[in-house]
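Respectively, the protein sequence lines represent chains U and F. The first sequence finishes on residue 112 if you use the numbering used here, and the numbering steps up by one all the way, no holes. The second sequence finishes on residue 226 if you use the numbering used here, and the numbering steps up by one all the way, no holes. For glycine and all other residues, C-beta sits at the position ideal for the given N, C-alpha and C. The structure under discussion appears below in the form of structure tokens.
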Amino acid sequence: QKEVEQDPGPLSVPEGAIVSLNCTYSNSAFQYFMWYRQYSRKGPELLMYTYSSGNKEDGRFTAQVDKSSKYISLFIRDSQPSDSATYLCAMSVYNQGGKLIFGQGTELSVKP
Amino acid sequence: GAVVSQHPSRVICKSGTSVKIECRSLDFQATTMFWYRQFPKQSLMLMATSNEGSKATYEQGVEKDKFLINHASLTLSTLTVTSAHPEDSSFYICSAGLTTGELFFGEGSRLTVL
């Protein structure tokens, strides 16, 4: 079993839709959770960073962490074609100095 | 967010040659940087942790003599792929983090070995 599981998609939605991206994990020691967006042939761009259970909102993006269920989500409201990219969840145990374990990534396509 | 710069963004080399990739933290100091490798349609796999002023820590299965890492200053880490072969062709990405734990990535370097 992988430490972090993420549905690879691809996921295709119409413009304006609400997108839900999810990851599950098995290591209860993970304390820090991140979502990255990666465009083709580019490095990952940090979107959201959380370290506790609950919700965190930033513009059209909301990150949700449920440590009891070992489940994290990223919601994108009013999705735009420019949101088309691969979304990677990542998590770490802080005392490992920031070493990240990534999910497989979900490929999202937002159609105009 | 913090800026991490990587150079070159793309390199093509002949089999048997060595290639050096640089990673710089532009607006912060990083005692630790990380090198990842990514194959097409796959996620990032950590190769090694680069520690300023000391030896790098390699992940299981990564050959330290093949992938030489040097972290000579608080803003620069280099990855040298020695005696590169076609199977080393990949997308190499570095990252550096803040003390809060947030990690920022460079733009990546695409290596093609002919």
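>> Within a Cβ cutoff of 8 Å, which residues of the same chain sit near residue 195 of chain F, ignoring the five residues on either side of it in sequence?
In response: As a first step, residue 195 of chain F must be located in the second sequence, where it is residue number 83. For residue 195 of chain F, where only same-chain residues beyond five positions count, the Cβ hits under 8 Å are 128, 129, 130, 178.
>> Quick check for students: name the residue ranges of the alpha helix (DSSP H) that lie wholly in the stretch 39 to 86 of chain U, counting only runs of 4 or more.
In response: none
> So, residue 100 of chain U versus residue 146 of chain F, is the Cβ gap smaller than 9 Å?
Replying inline: Here residue 100 of chain U is taken as the residue at index 100 of the first sequence, counted from 1. Here residue 146 of chain F is taken as the residue at index 34 of the second sequence, counted from 1. For residue 100 of chain U and residue 146 of chain F, yes; Cβs fall inside 9 Å.
>> In whole angstroms, give me the CA-to-CA distance for residue 95 of chain U and residue 30 of chain U.
In response: On the first sequence, residue 95 of chain U is found 95 positions in, with the first residue counted as 1. On the first sequence, residue 30 of chain U is found 30 positions in, with the first residue counted as 1. Summary for residue 95 of chain U: the model assigns pLDDT 49, below 50, so the residue's position carries little reliability; its value from the coordinates is reported in the next sentence. Cα-Cα distance, rounded: 10 Å.
> Which residues, taken in chain order from the stretch 28 to 49 of chain U, show a beta carbon closer than 8 Å to some beta carbon of chain F?
Replying inline: 32, 34, 36, 41, 42, 43, 44, 45, 46, 49
> What residues in the stretch 138 to 150 of chain F have a beta carbon less than 8 Å from any beta carbon of chain U?
Replying inline: 144, 146
>> If we define contact as Cβ-Cβ less than 9 Å, is residue 120 of chain F a contact residue for chain U?
In response: Taking the second sequence and counting its residues from 1, one reaches residue 120 of chain F at position 8. Residue 120 of chain F does not count as touching chain U.
> Would you say residue 124 of chain F faces chain U, with C-beta separation under 9 Å as the test?
Replying inline: Along the second sequence, one-based indexing puts residue 124 of chain F at 12. Output row for residue 124 of chain F: interface = no.
>> Please list, in chain order, the residues of the stretch 181 to 207 of chain F that have any C-beta partner in chain U closer than 7 Å.
In response: 205
> What are the residues that DSSP puts in a beta bridge with residue 24 of chain U?
Replying inline: Counting from 1 along the first sequence, the entry for residue 24 of chain U is found at position 24. Answer by DSSP bridge pairing, in chain order: U:5, U:71.
> For residue 110 of chain U, does the count of other Cβ atoms within 10 angstroms reach 16, so buried, or fall short, so exposed?
Replying inline: Taking the first sequence and counting its residues from 1, the one referred to as residue 110 of chain U is at position 110. The residue in question, residue 110 of chain U, is buried, as its Cβ has 16 or more Cβ neighbours within 10 Å.
> Under the three-state reduction of DSSP, which class applies to residue 14 of chain U: helix, strand or coil?
Replying inline: Residue 14 of chain U sits at position 14 when you count from the first residue of the first sequence. Of the three classes helix, strand and coil, the one that applies to residue 14 of chain U here is strand, per DSSP.
>> As a quick exercise: from F:225, F:219, F:212, F:199, pick the residue whose alpha carbon is nearest that of residue 50 of chain U.
In response: Position 50 of the first sequence holds residue 50 of chain U. That would be F:212, whose Cα lies nearest to the Cα of residue 50 of chain U.
>> Measuring only the C-alpha atoms, how far is residue 225 of chain F from residue 182 of chain F?
In response: For this step, residue 225 of chain F is matched to residue 113 along the second sequence. For this step, residue 182 of chain F is matched to residue 70 along the second sequence. Approximately 22 Å between the Cα atoms of the pair.
>> So, with DSSP's three-state summary, where would you put residue 95 of chain U?
In response: Indexing the first sequence from 1 puts residue 95 of chain U at position 95. Note that residue 95 of chain U scores 49 on pLDDT, short of 50, meaning its location in the model is unreliable; the coordinates nonetheless yield the value given after this. Three-state DSSP puts residue 95 of chain U in a helix.
>> Within 9 Å of any Cβ in chain U, is that where the Cβ of residue 172 of chain F sits?
In response: Locating residue 172 of chain F in the second sequence gives position 60, where the first residue counts as 1. No - not a single Cβ of chain U is within 9 Å of the one on residue 172 of chain F.
> Taking C-alpha atoms, which residue in U:88, U:112, U:93 lies nearest to residue 39 of chain U?
Replying inline: As a first step, residue 39 of chain U must be located in the first sequence, where it is residue number 39. That would be U:88, whose Cα lies nearest to the Cα of residue 39 of chain U.
> Can you find a CB in chain U that lies within less than 9 Å of the CB of residue 116 of chain F?
Replying inline: By one-based count along the second sequence, residue 116 of chain F stands at place 4. It does: the Cβ of residue 116 of chain F has a partner Cβ on chain U nearer than 9 Å.
>> In this structure, how does DSSP classify residue 171 of chain F when only helix, strand and coil are distinguished?
In response: The sequence position of residue 171 of chain F within the second sequence is 59, counting from 1. Residue state, collapsed to three classes: coil.
> The beta strand (DSSP E) spanning residue 126 of chain F covers which residue range?
Replying inline: Indexing the second sequence from 1 puts residue 126 of chain F at position 14. Here residue 126 of chain F belongs to no beta strand (DSSP E), and DSSP marks it neither H nor E.
> Mapping DSSP to helix, strand and coil, what is residue 211 of chain F?
Replying inline: Taking the first residue of the second sequence as position 1, residue 211 of chain F is located at position 99. Of the three classes helix, strand and coil, the one that applies to residue 211 of chain F here is coil, per DSSP.
> Thinking C-alpha only, which one of U:17, U:24, U:14 is nearest residue 6 of chain U?
Replying inline: As a working mapping, residue 6 of chain U is identified with position 6 in the first sequence. Cα-wise, what sits closest to residue 6 of chain U is U:24.
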